[in-house]
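Engineer: In the working numbering, the protein residues as written are 12 to 125.
In this text, a Cβ means the ideal position worked out from N, Cα and C, and glycines have one as well.
This one's a predicted model, so the numbers in the text were calculated from it and none came from an experiment.
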Amino acid sequence: MSLRPEHRRVMIQLLTVLIIFLLVAGVYLGFQVALATTTPWVAVASGSMRPALEAGDLVIVKGVPATDIEVGDIIIFDSPRGVRTIHRVTRIQTLHNGTIQFKTKGDANPSEEL
């Protein structure tokens, strides 16, 4: 049993799309594992980190333990308003319950944020 030429062409196109999808998914999963994060890259949404990062820049994210973060490091976090934020650490505090809290500031912003 053989496929008609038009069916064969459709099958080849579907297989090509499937292979491309699987390759992209494999690369994404590979980055997640290699960088120890569920979000291996993030687009910068605003100019708050200018001149270090411009809006539209693509940032590669590496997961690290909170205890390895130092003042001056750039971190990515979800703000209390639920907005993904990329800022520089200005202070680190360890609370009484052992929680590590970072004070951050965008390089172009006038003041710190929690």
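(1) Three or more C-beta pairs under 8 angstroms: does that hold for the region 95 to 111 against the region 69 to 86?
(2) Any beta-carbon of chain D closer than 7 angstroms to the one on Gly58?
(3) Who pairs with Gln43 in a beta bridge, going by DSSP?
(4) My parser needs the beta strand (DSSP E) runs of 3 or more residues fully inside the region 82 to 119; what are they?
(5) With DSSP run on the structure shown, which of helix, strand or coil describes Ala54?
(6) List the endpoints of the continuous beta strand (DSSP E) containing Leu69.
(7) Let's test the definition: count the other Cβ atoms within 10 Å of the Cβ of Met60 and tell me whether it reaches 16, buried, or not, exposed.
(8) Beta-carbon separation of Arg102 and Lys114 under 7 angstroms?
(9) Under 6 angstroms Cβ to Cβ from Leu69, same chain only, skipping five residues before and after it: list those, please.
(10) If we ignore side chains and look at the alpha-carbon of each, how far apart do Leu34 and Leu26 end up?
Structural biologist: According to the data block:
(1) With the cut-off at 8 angstroms, the region 95 to 111 and the region 69 to 86 touch.
(2) The question asks about chain D, but that chain is absent: this structure has only one protein chain.
(3) According to DSSP, which records beta bridges pairwise, Gln43 is partnered with nothing at all.
(4) 85 to 89, 95 to 105, 111 to 116
(5) strand
(6) 69 to 71
(7) buried
(8) yes
(9) Trp52, Ala54
(10) 12 angstroms
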